[in-house]
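Beneath this line is the structure, given in structure tokens, with notes to follow.
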Amino acid sequence: QESIHRVLRNFKGMGEKKEVSFEWLRDFYIKRVSDLFDGFVKYGNADQFLEELLLTPPSMKHTNDGKIGLVDPHGVAEEIIRTRTEVACEWKDIMMEVPSEHMMFRKALFDKQMENWAMPSDTNKHNVPIQTEGIFE
458 QESIHRVLRN
468 FKGMGEKKEV
478 SFEWLRDFYI
488 KRVSDLFDGF
498 VKYGNADQFL
508 EELLLTPPSM
518 KHTNDGKIGL
528 VDPHGVAEEI
538 IRTRTEVACE
548 WKDIMMEVPS
558 EHMMFRKALF
568 DKQMENWAMP
578 SDTNKHNVPI
588 QTEGIFE
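Each residue of the sequence shown is one higher than the one before, counting from 458 in our numbering.
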């Protein structure tokens with residue numbers, strides 16, 4: 458789904474050059490988003506979206522401002538797959554950093570636990586003195 462969103466943003470950012478493709482993909486996506494991407498999503502729904510896209514023949518599209526253009530669903534699918542590869546590589550790089558980020562959290566937790574453990578016995582965790590004299594006499 459991330460790759461579809463990126464392709465849509467890219468097409469929109471290219472202005473008139475990709476206006477027809479943008480509007481067509483947006484409409485194609487909107488018709489399928491609730492069935493394929495909302496709520497609990499089973500594995501393979503993104504592939505089903507691509508399959509439907511690849512089975513769609515080229516067509517003419519009228520834009521909202523009256524322009525007519527040819528839509529190439531195979532070209533759109535190719536762009537989504539290329540973007541999907543970029544997204545996967547980015548996510549892989551992000552996930553490679555997780556162990557080092559977790560190590561920082563673990564160190565901070567360990568330091569805090571050691572700080573609490575090392576407190577004198579006559580103080581509590583809020584560093585408030587506890588009266589111990591005369592209680593057990």
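Note that CB positions come from ideal geometry on N, CA and C, so glycine has one too.
The bridge partners DSSP lists for V528 are S516. Excluding residues up to 5 positions away in sequence, L465 lie with their Cβ nearer than 7 angstroms to the Cβ of R483 in the same chain.
Annotated three-state conformation of M571 is helix, per DSSP. The beta carbons of T542 and R463 sit no closer together than 9 angstroms. Cα atoms of K499 and W548: separation of roughly 20 angstroms, rounded to the nearest angstrom. A direct Cα-to-Cα measurement between E480 and T520 gives close to 7 angstroms. The DSSP-derived three-state label of M471 is coil. Note that the C-beta distance between K524 and E473 is below 9 angstroms.
Looking at S478, L527, G532 and E508, the one whose alpha-carbon comes closest to that of R489 is E508. Closest by C-alpha distance to P514, out of W574, K569 and L527, is L527.
Looking only at S516, C546, D522 and A545, the smallest Cα-Cα distance to V533 is reached by S516.
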